[in-house]
Amino acid sequence: MIKKHLLACKLLLLCMAFSGVAFAQLDTLQRVIPGRANSAEQQKKPYVILISADGFRWDYAEKYQAKNLLKFSAEGIRAEAMMPSFPASTHANHFTLVSGLYPSHSGIVGNDFYDPAKKQKFKPRDASFYGEEPIWVTAEKQQMLTASFYWIDSQAAIKGIKPTYGYLPNPAKEIFVKDRVIAIKKWLSLPEDKRPHFMACYFPNTDHAGHLFGPDSKEVEQAVQFVDDAVAQMVAAAQETGLPVNFIFVSDHGMTPVDRQHPLAIPASIDTAKFVVISQGNYVCIHAKNAVDIMPMYDKLKSENVKGYDVVLKKDVPLNTRFGPADDKYNRVGDILLMAHYPQIFSPKPNPGAHGFSPYEVKDNQATFFAWGPAFKPHTQIKPFENVEIYDVMTQILGIRGLPNDGKGTLAKEILKSH
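As structure tokens, this is what we get:
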């Protein structure tokens, strides 16, 4: 009981950290890259504000009556759900949202992963792990300014480029909702040559609450209401500028209760002198340092016949994961995978909520998509779709040349007025 009370206090502090008065002047926390400007052509383009609420499950808006999000999406686009890419994890899907690439194609294959070529584990601030290009890099290359407010992976200078304006997570100097709203309004009030046209904002609250207390908790309801109010304030601030601002509200994945009574352990038989082991919760990646060790280890793990997970060679992973050899562009998936049977996960002491499972097998892992603004068709409800489709929607609204990606362009045709 005491531990749960402490967790509740932590969550309350997290929400306060996004809703009160800043510790320091806002602009002292902002990183601005000098010498950049919108070209004359780009100054005429519309604006996109992409908002991610981490772990905001497909049904949270209605389940917890997020009145503002329900209102905005009723006026614009509301998807029944959005299908995250496998694995349904934060880093993997935030990069998919801004690149249109499946995790196995982007190389960002999880929150944690190992790169055999570099012989290193993933470091989010290390740009060398990013071989592909997110939308803000593409826009900046075309002389369109961009901004990021805590967006996952925007802290790295990918291809040598960061968003022109940015706030990085800093626990010692947290930024609150009021200041986020002020920042959005300031960005949109800048002179045309200095005004960002693509802005990405990130909220962690629903994910934190879902992990600590489970998706059906009062704490998640409070986090949903908090995000709902924050989005309403951001929309009001944008409307005051009179600019053609388009909002896209998404999540990276959902959240589901897990079996806390029967946690899965990583097999002790794995020789860590010969293998690098990365646990993702719902699955474990095993990288062999020498290829000759793969089959003996696989055979040993299969012979142990442990209940609760499957032992799978990379060539035999389910097709809908796109984790097979043909898709693993950066060879970061692992040679052997241990794939947990839902609702069990690999963890010495599981939290009440988790994610990562295929959204086609576990509906709770499906995500949210709402959109509204002058570029979108009004009063439109759509069926679930893959999150790789969002990238083309944003590049078309912004009028920039997007890169080849895994989307088929079907979502843009369905929801944009220009089609």
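Reading the sequence shown from the start, the letters are residues -24 to -1, 1 to 395 in mature numbering (1 follows the signal peptide of the UniProt record, and there is no 0). Glycine residues also receive a C-beta, built at the ideal position from the N, C-alpha and C atoms. Only a predicted model underlies this, so the values are computations on that prediction, with no experimental measurement involved.
For the alpha helix (DSSP H) that residue i lies in, which residues bound it at each end?
i: M120; result: It is not in any alpha helix (DSSP H) - M120 carries neither H nor E in the DSSP assignment.
i: R54; result: Run containing R54: none in the alpha helix (DSSP H); it sits in the beta strand (DSSP E), 53 to 55.
i: I27; result: Here I27 belongs to no alpha helix (DSSP H); instead the beta strand (DSSP E) covers 23 to 29.
i: V211; result: 194 to 217
i: Y274; result: 270 to 280
i: V153; result: 153 to 165
i: Y306; result: Where Y306 is concerned, there is no enclosing alpha helix (DSSP H), given that its DSSP letter is neither H nor E.
i: Y141; result: First-last for Y141: 141 to 143, but that is the beta strand (DSSP E), not the alpha helix (DSSP H).
i: P79; result: 79 to 82
i: S75; result: 66 to 75
i: T386; result: 386 to 391
i: K339; result: It is not in any alpha helix (DSSP H) - K339 carries neither H nor E in the DSSP assignment.
i: Y367; result: 366 to 374
i: E38; result: 36 to 39
What's the C-alpha gap between residue i and residue j?
i: N14; j: N327; result: 46 Å
i: Y126; j: F179; result: 8 Å
i: T114; j: D382; result: 16 Å
i: D347; j: I254; result: Asp is not the amino acid found at residue 347; the sequence shown has Ala there. Going by the C-alpha atoms only, they are around 36 Å apart.
i: residue 476; j: D129; result: Because the chain here runs from -24 to 395, residue 476 falls outside it and cannot be looked at.
i: E337; j: T297; result: 11 Å
i: V8; j: P239; result: 45 Å
i: P167; j: V221; result: 16 Å
i: R12; j: Q6; result: 16 Å
i: P22; j: K43; result: 27 Å
i: F152; j: T248; result: 43 Å
i: A213; j: D286; result: 50 Å
i: K353; j: Y367; result: 17 Å
i: V(-4); j: T140; result: With a pLDDT of 34 at V(-4), under the threshold of 50, the modelled position of this residue cannot be trusted, and the question is left open.
i: V196; j: K389; result: 34 Å
i: L392; j: A351; result: 6 Å
i: L2; j: A159; result: Model confidence at L2 stands at a pLDDT of 47, short of 50, so the residue's coordinates are unreliable and nothing is read from them.
i: M271; j: F223; result: 50 Å
i: A(-1); j: Y274; result: Residue confidence is low: A(-1) scores 33 on pLDDT, short of 50, so the model does not pin down where it sits. Its coordinate-derived value is still stated next. Rounded to the nearest angstrom, the two C-alpha atoms are 54 Å apart.
i: N181; j: Q201; result: 10 Å
i: L379; j: L73; result: 13 Å
i: residue 396; j: V252; result: As displayed, the chain neither begins before -24 nor continues past 395, which places residue 396 out of reach and without an answer.
i: W112; j: Q372; result: 14 Å
i: E116; j: K250; result: 43 Å
i: E109; j: I134; result: 7 Å
i: A16; j: E216; result: 24 Å
i: P191; j: F105; result: 32 Å
i: E56; j: Y36; result: 11 Å
i: Q198; j: V207; result: 14 Å
Exposed or buried, which one is residue i when buried takes at least 16 other CB atoms within 10 Å?
i: G136; result: exposed
i: D91; result: buried
i: R308; result: buried
i: Q342; result: buried
i: L313; result: buried
i: L295; result: exposed
i: P10; result: exposed
i: H263; result: buried
i: S124; result: buried
i: K290; result: buried
i: residue 397; result: As shown, the chain starts at -24 and ends at 395. That puts residue 397 outside it, with no answer to give.
i: S279; result: exposed
i: Q237; result: exposed
i: I376; result: buried
Give the C-beta separation of residue i and residue j to the nearest angstrom, bearing in mind that I take them to be a contact with Cβ-Cβ under 8 Å.
i: G230; j: F322; result: Contact flag wrong, Cβ pair sits at about 19 Å.
i: K305; j: H81; result: 5 Å
i: S362; j: M59; result: Position check: residue 362 holds Glu in this sequence, whereas Ser was assumed. About 5 Å; that satisfies the 8 Å criterion.
i: I25; j: C177; result: 7 Å
i: S227; j: G31; result: 6 Å
i: L77; j: V364; result: 7 Å
i: D340; j: R54; result: Incorrect: roughly 19 Å between the Cβ atoms, too far for contact.
i: H331; j: A68; result: With 8 Å as the limit, H331 and A68 do not qualify as a contact, their Cβ atoms being about 11 Å apart.
i: residue 435; j: P233; result: Nothing in the structure corresponds to residue 435, since the chain is present only between -24 and 395.
Would you give the residue range spanned by the beta strand (DSSP E) that residue i belongs to?
i: I254; result: 251 to 255
i: W348; result: 345 to 348
i: residue 402; result: What is shown of the chain runs -24 to 395, which leaves residue 402 out entirely.
i: residue 415; result: Residue 415 lies beyond the range of the chain shown here (-24 to 395); nothing can be said about it.
i: L314; result: 312 to 316
i: F179; result: 174 to 179
i: H263; result: 259 to 264
i: V287; result: 285 to 289
| query | Does the count of Cβ pairs from the region 43 to 53 and the region 316 to 324 closer than 8 Å reach three? | reply | By the Cβ criterion, the region 43 to 53 is not in contact with the region 316 to 324, since fewer than three pairs of Cβ atoms, one from each stretch, lie closer than 8 Å.
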